[in-house]
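Heads up: the structure comes next, in structure tokens.
Protein chains: 2
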Amino acid sequence: MKYIFILLISSFLANAQVKTDQLNLMPWPQSINLTQGTFVIGKGFKVNITGNPNSRIFNGATQFLRKLDGRTGLFFNQGFITGLNEFPNAELQINCVQNGKIGLHEDESYRLEIISGKIMINATSDLGALHALETLLQMLQNNSTSYYFPAAVIEDFPRFSWRGLMIDAARHFQPVDVIKRNLDAMAAMKMNVFHWHLVDDQGWRIEMKKHPKLTELASDGNFYTQEEIKNIVKYADQRGIQVVPEIDVPGHGSAILAAYPEIGSKVVMLNVNSGEKEQQFTQVQSYALERNSGIFTPTLDPSNPKTYQLLSEIFDEVCPLFSGKYFHIGGDENEGKDWDSNPKIQEFKKKNKLANNHELQTYFTMQLIPMLKKHNKELMGWEEIMTKNMSKDAIIHSWKGTNEGVATGSSLVNAVKNGYKTVLSNGYYVDLMQGVESHYLNDPMPKNTTLSVEEKARILGGEATMWSELASPMTIDSRIWPRTAAIAERLWSNENVTDLSSLRKRMKTVSFRLEELGITHIRNKAVLFRNISNNQKSEALEDFSNICEPLKIYSRNIDGTEYKTYSPLTLFADVCTPDAIDALDFDAAVNQYLKNKSIENQVLVTDFLKKWINVNSNLMELSTNAPLVQPLLPLSKSLADLSEQLLLMIDKKQSVNPTVLKDLLEQCNSKNHADVELAVYKSLKKLIQA
Amino acid sequence: MKYIFILLISSFLANAQVKTDQLNLMPWPQSINLTQGTFVIGKGFKVNITGNPNSRIFNGATQFLRKLDGRTGLFFNQGFITGLNEFPNAELQINCVQNGKIGLHEDESYRLEIISGKIMINATSDLGALHALETLLQMLQNNSTSYYFPAAVIEDFPRFSWRGLMIDAARHFQPVDVIKRNLDAMAAMKMNVFHWHLVDDQGWRIEMKKHPKLTELASDGNFYTQEEIKNIVKYADQRGIQVVPEIDVPGHGSAILAAYPEIGSKVVMLNVNSGEKEQQFTQVQSYALERNSGIFTPTLDPSNPKTYQLLSEIFDEVCPLFSGKYFHIGGDENEGKDWDSNPKIQEFKKKNKLANNHELQTYFTMQLIPMLKKHNKELMGWEEIMTKNMSKDAIIHSWKGTNEGVATGSSLVNAVKNGYKTVLSNGYYVDLMQGVESHYLNDPMPKNTTLSVEEKARILGGEATMWSELASPMTIDSRIWPRTAAIAERLWSNENVTDLSSLRKRMKTVSFRLEELGITHIRNKAVLFRNISNNQKSEALEDFSNICEPLKIYSRNIDGTEYKTYSPLTLFADVCTPDAIDALDFDAAVNQYLKNKSIENQVLVTDFLKKWINVNSNLMELSTNAPLVQPLLPLSKSLADLSEQLLLMIDKKQSVNPTVLKDLLEQCNSKNHADVELAVYKSLKKLIQA
């Protein structure tokens, strides 16, 4: 009987008209109209491609088939798509007018029309068609027995041309499979620039045939071969993604200088007494690969011709590996300490009438432009490269903000006003473990500044940056995703798409679907829990992680020496993520309760409090056979103690000592345990102060 | 108060003496003596290496440090070990007398001594030292606050020299990261031969510079570059593992012949009428890459000189990629149908006095020996290569058994009696989804045959084989592990180590620890459940998977066409594994209850029955929004219906209709749903018949 009832429900569902706000599209398209009807997917589903596309659409459409296959379990007959017009009567028709070229300001628009029995994708090029296929996958619906697409017309194009993700492969090396799966996730979110931070104090990550010392002495064996790099560039190209490599100079130079100390700026003065007079010599300083995190002094010597010779040879070898137009040369955080203490460099500054280290660095950077031009590449650099003398062809990468004591994105406005193209990363530092809201509402287009049309046009877009001091191959996906999906939406969708509750709702499905691309942000949590709990059942750990967030904005690993670049990151803080789910739900419950203290609303709150008392007791039990659980106990105990007091107050209507309450609350605000903070602190405070 | 109690327990635990049967070592060492005391691990823990080892021990010891780091969260100061005697006072001292060479009959023994404050590893070579480090990791214990090793002396060496795992990368292509993580897992289980099945009807997986057609026309773009292959060979070497490549000829030839049809055996006869007399011509048959599973006819033409020319050129290019001594040429399952129907080949047979197709195949295989000898490689092949004329240098790979209508491993005895070296795979086909017991109790040394010492010595060991018709990169780990760990123990440990309950107990920990090597057998289950359940909470799915096993021994995908080589494998059957855990527990409960029908024992049984009634109802609910759950419902309903009857019988002491009971039981034995079978059927039958 129950079974019959279920079948009745399912046929009802089959006919239900999907509403726009039920769709979990991300980034949200520019225009969508749902019409009547559905396209039901069957085993005979086929794809046909016409027009004049780049062959990347064959791979893209094949991958689309495989994903749809895996979701629906239908096992389509069509295997690999390798040419034009293979199945003229196929239900899904893709037409591309022209061959898409990866680069700035390419037409990425598409039109997707779904009707009963037919799906049509029309795009200027394969780049737009790939985006259309991602949208189509996101349109997938189901009832109890089958999968279908709702009938719709979608017209879509990106707001910004540069929608990037940077991955730092220098601090914690990130192997090829990490890069590839993140390229897949980027493509799913319609992102089109992969900025690959390949060199920093902690490592040189590029195989060099003419300068093997760079990997022999400065990589610990962790580097990409040139074949791997070319392979990744091709993999990215097939997904419509440009790769922008970065070699960070002249600062962040420990790795280069570990291999080539002779081009370093640091000198050691030696006083040698030869008979009567004392003579001063300078001696080359030796450098070591950096194992800690922070800003370090090793800097290339801009006065040494050998510096430019080496860099020129490096670019000659590295540039041809990349097909894109841009090469990022870093340029950030050079404090110039070793320049100040080197007499030869001081003399060079004077001779060349360079007023300060900034001008000296500009001099240095300007030497790189022809080296890159030779390979048809334009220079891109962090905002420090910008001065009046810098070439206007350069792209200024705006990264500083309140953390660095300047107004958010101030360099962005300066750059466009001075005629530079620019890309925003301030506000998109996903490694800082901030909630999705801050990134999502951070618009590359400044709100309170009047810019001309031309100036606005120079704001190319933005880039999420994933620095890897505290991210291993095991954890990096959970640091990037799903928050970067929200940044992707900011960069693609209309500026008015800013509804946070819609974002959060859609992100749940988007996050789940990233799994099919191999993104490990969900699955690896369970792996780490098993390690922390010593393979004991660990529901309490998971519950606790749902209200804990890792310490934010450089407050974890403060001196930069606690975690080394070779440290595995397997602690509770490495499992926790921003936007702790129960913390969000608890905050909603508290708000609702404070608005209306009905019994129903009260139970919403007290259920959480009771849960946390249990969590603490379960964690204590778990800890008897799991040393890695011990550091959590002070925090879980504070929360349990406070919860008990609050239950007395709310459930039992007893009066509780306000000082005790306040003390317990502040203990819940501690940042001293397990490198995490309780994300429910503010909601608890509201509850107590109400 | 509770907290204090816990602390008391933990200090008690700290002093508890570990007993041998508490250790979760696998493979079990030849000799172990636990002594008094413990070695407590601290942040300053360091490793020092002395003697004359191969540099692979530096990488091995560094990896050891990282794993211990990740488990303990101590973050050791020591980073990378790159040379001898870096820390003479280190607590862990490793001494290797000589440089280990990868190959047959190498001394892999080691001695591991743990005392308070000191650990000493002594080995003939780095190969033994690597094994010792794996044992040491398995010795890790903890109390509530710290990690330690119990004091012990372990002396250990392998029983067999050949302890292999074969992975089929032809049917479903397995990318580099799949291979690498499985090499890590093999090393953890002290296995030393990776047999890489690189070519079959479904694909050619080796980049060929002189014969690019092989990958262009026969790989769908899924192949290993030569650099990747060399990289994997090096990766394996660093872990003490020899790589044995396989190019399967002359049968299983669809891929080679898709690129080079001119060396195929199949001919098409054309009758051409020219005036009065009719002339017969033969025409080259075209071949296509195979998409299905099974045994196919495409076979190389052994009478065609071009066949040998091509193979010779192929070996010239492929052999240098591998450093090991053995090259596997397949040779299996050639039915010779296309030979029989080709007049030219029949003529060739007559001319060369080859009595039958077996002799013709031997003729073919003998031509390959000098091609391999040229590169200092010996030939290995599946048992079909064995005849009186075959070179005694060849290794015979014994694979047939009851499934093929012959006595288990009969070719193994024939081989050693005829003077051949041999490796056993019959009984180790992990892709057949049989329980661990059958593999574990399958000993390479035949029980009922008298062999001389020399004959016994020719039994080199065994190899687990993982054919990939039904295994994708997503699921293959769960098909290989943890059962292959039991095979590893069979091949390493004393023949008397056969206690199944000890094996099952130790396998739980071994299985968990394989996760730290990246093995995905546990984590990917959850990923697939999320896909099947449409991201709904899926405890019922997991519960049901704990009593279901995939159809065994070629009974899934019977006609070989249901699943193509490009089909993603994302169904419930792909999540389920042999040795379904609740089925084992239920069987134990039934046995206990049948022995003694106490209330306690009754509850053990009825709790399962109640659980399955709930599972069915939850699965039905889940299915209303998850089409992929639908196929499970008939089976879960049968089990729930039977459980309800059994509850009436056992709990309520009501009499139930035996015919109804029998019918329901037989429905629980159905193999017609979702490609799985209920692993509790036999236990239910026992319960009913009792």
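The listed protein sequences correspond, in order, to chains Y and C.
All residue numbers for the first sequence refer to the UniProt record's numbering, where the first residue is 1 and numbers rise by one.
All residue numbers for the second sequence refer to the UniProt record's numbering, where the first residue is 1 and numbers rise by one.
For glycine and all other residues, C-beta sits at the position ideal for the given N, C-alpha and C.
- Counted within 10 angstroms of its Cβ, other Cβ atoms place L8 of chain Y as buried (16 or more) or exposed: In this predicted model, L8 of chain Y has a pLDDT of only 44, less than 50, meaning its place in the structure is not dependable; the value taken from the coordinates is given anyway. L8 of chain Y is exposed by the Cβ-count criterion.
- Contact list for the region 62-87 of chain Y against chain D, Cβ threshold 7 Å: No chain D appears in the structure shown, which is made up of the protein chains Y and C.
- Item | Chain-ordered neighbours of V527 of chain C on chain Y, where CB pairs are closer than 7 Å | Near V527 of chain C (Cβ distances below 7 Å), the residues of chain Y are E515, R523.
- Query: Looking only at its own chain, which residues have a Cβ that is under 7 Å from the Cβ of V575 of chain C, when we skip the five neighbours before and after it?
  - Reply: Answer for V575 of chain C: K525, L528, F529, S545, listed in chain order.
- Three-pair Cβ contact test at 8 Å for the region 259-276 of chain Y versus the region 400-419 of chain Y: Counting Cβ pairs under 8 Å, fewer than three are found: no touch.
- Item | Nearest candidate by alpha-carbon position, reference M139 of chain Y, set Y:I247, Y:W28, Y:C548 | Answer by Cα proximity: Y:W28.
- Message: Suppose you measure from the CA of E644 of chain Y to the CA of E621 of chain Y; what does that come to, to the nearest Å?
- Response: Roughly 19 Å between the two C-alpha positions.
- Query: For K306 of chain C, which beta-bridge partners are listed by DSSP?
  - Reply: Beta-bridge pairing links K306 of chain C to no other residue.
- Message: To the nearest angstrom, how far is the alpha carbon of I81 of chain C from that of F75 of chain C?
- Response: Approximately 15 Å, taken between the alpha carbons.
- Task: Name the residue from Y:W612, Y:T422, Y:V153, Y:K564 whose alpha carbon lies nearest to the alpha carbon of Q78 of chain C.
- Result: Of the listed residues, the one whose Cα sits closest to Q78 of chain C is Y:K564.
- Query: So, A218 of chain Y versus A152 of chain Y, is the Cβ gap smaller than 7 Å?
  - Reply: Result no, Cβ atoms of A218 of chain Y and A152 of chain Y do not sit closer than 7 Å.
- Query: Taking the continuous alpha helix (DSSP H) assigned at Q280 of chain Y, which residues delimit it?
  - Reply: Per DSSP, Q280 of chain Y is not a residue of any alpha helix (DSSP H); the beta strand (DSSP E) it occupies stretches across 277-284.
- Between N182 of chain C and I167 of chain C, which are expected to be in contact by the criterion C-beta below 8 Å, what is the C-beta distance as a whole number of angstroms? Indeed they touch by this definition, with Cβ atoms about 6 Å apart.
- With DSSP run on the structure shown, which of helix, strand or coil describes G70 of chain Y? DSSP places G70 of chain Y in the helix class (H, G or I) of the three-state scheme.
- Would you list, in chain order, the members of the region 157-183 of chain C that have their beta-carbon closer than 7 Å to a beta-carbon of chain Y? Taking 7 Å as the Cβ-Cβ cut-off, the region 157-183 of chain C approaches chain Y at D177, given in chain order.
- Item | R111 of chain C - DSSP class collapsed to helix/strand/coil | Shown here, R111 of chain C sits in a strand according to DSSP, grouped into three states.
- Is the CB of N535 of chain Y under 7 Å away from at least one CB in chain C? Nearest CB-CB separation between N535 of chain Y and chain C: below the 7 Å threshold.
- Item | Three-way DSSP call (helix, strand, coil) for E333 of chain C in this model | DSSP places E333 of chain C in coil when its eight states are reduced to three.
- Message: Would D220 of chain C pass as an interface residue toward chain Y - the criterion being a Cβ-Cβ separation below 7 Å?
- Response: Proximity of D220 of chain C to chain Y, defined by a Cβ-Cβ separation below 7 Å, is satisfied.
- Query: So, is S116 of chain Y buried or exposed, given that buried needs 16 or more other C-beta atoms within 10 angstroms?
  - Reply: Exposed is the call here.
- Query: Can you tell me the Cα-Cα spacing of L664 of chain C and W612 of chain C, whole angstroms?
  - Reply: Rounded to the nearest angstrom, the two C-alpha atoms are 14 Å apart.
- Using the Cα positions of S323 of chain Y and V243 of chain Y, report the straight-line distance between them to the nearest angstrom. If I take the Cα positions, the gap works out to 8 Å.
- Task: Report the three-state DSSP secondary structure of V436 of chain C (helix, strand or coil).
- Result: Taken through DSSP and simplified to helix, strand or coil, V436 of chain C comes out as helix.
- Nearest chain C C-beta to Y566 of chain Y closer than 7 Å, yes or no? Yes, because at least one Cβ of chain C sits closer than 7 Å to the Cβ of Y566 of chain Y.
- Where does E290 of chain C land, buried or exposed, given buried means 16+ other C-beta within 10 angstroms? The residue is buried, with at least 16 neighbouring Cβ atoms inside 10 Å.
- Message: Could you compute how far the alpha carbon of residue 699 of chain C sits from the alpha carbon of H358 of chain C?
- Response: The requested residue 699 of chain C is not part of the displayed model; chain C covers only 1 to 690.
- Measure the C-alpha to C-alpha separation of P320 of chain C and W196 of chain C and round it to an integer number of angstroms. Taking the straight line from one Cα to the other gives about 15 Å.
- Under 7 Å, do L130 of chain Y and G240 of chain Y count as touching if we go by C-beta distance? With contacts defined as CB atoms closer than 7 Å, L130 of chain Y and G240 of chain Y qualify as a contacting pair.
- Mind listing, in chain order, the continuous alpha helix (DSSP H) runs of no fewer than 4 residues lying wholly within the region 153-193 of chain C? Along the region 153-193 of chain C, the alpha helix (DSSP H) occurs as fully enclosed runs of 4 or more residues at 176-188, listed in sequence order.
- Item | Identity of the residue in C:I206, C:G70, C:S265, C:D393 nearest F315 of chain C by Cα | Closest option to F315 of chain C, Cα to Cα, is C:I206.
- Query: Could one say the Cβ of L619 of chain Y lies closer than 7 Å to chain C's Cβ atoms, at least one of them?
  - Reply: By this cut-off, L619 of chain Y is not an interface position.
- Task: Taking I247 of chain C as part of the beta strand (DSSP E), name the residues at either end of that continuous run.
- Result: Per DSSP, I247 of chain C is one residue of the beta strand (DSSP E) stretching across 242-249.
- Query: Is it true that the CB of D69 of chain Y sits closer than 7 Å to the CB of P305 of chain C?
  - Reply: Remark: C-beta atoms of P305 of chain C and D69 of chain Y do not approach each other more closely than 7 Å.
- Task: Along the alpha helix (DSSP H) that carries G128 of chain C, what are the first and last residues, could you check?
- Result: That run of the alpha helix (DSSP H) goes 126-138.
- Task: Output the boundary residues of the alpha helix (DSSP H) element that contains V413 of chain Y.
- Result: Counting along the chain, the alpha helix (DSSP H) containing V413 of chain Y begins and ends at 410-417.
- Task: Run down chain Y in chain order and give the residues with a C-beta less than 8 Å from the C-beta of Q630 of chain C.
- Result: Around Q630 of chain C, the beta-carbon contacts reaching into chain Y at under 8 Å are S144, T145.
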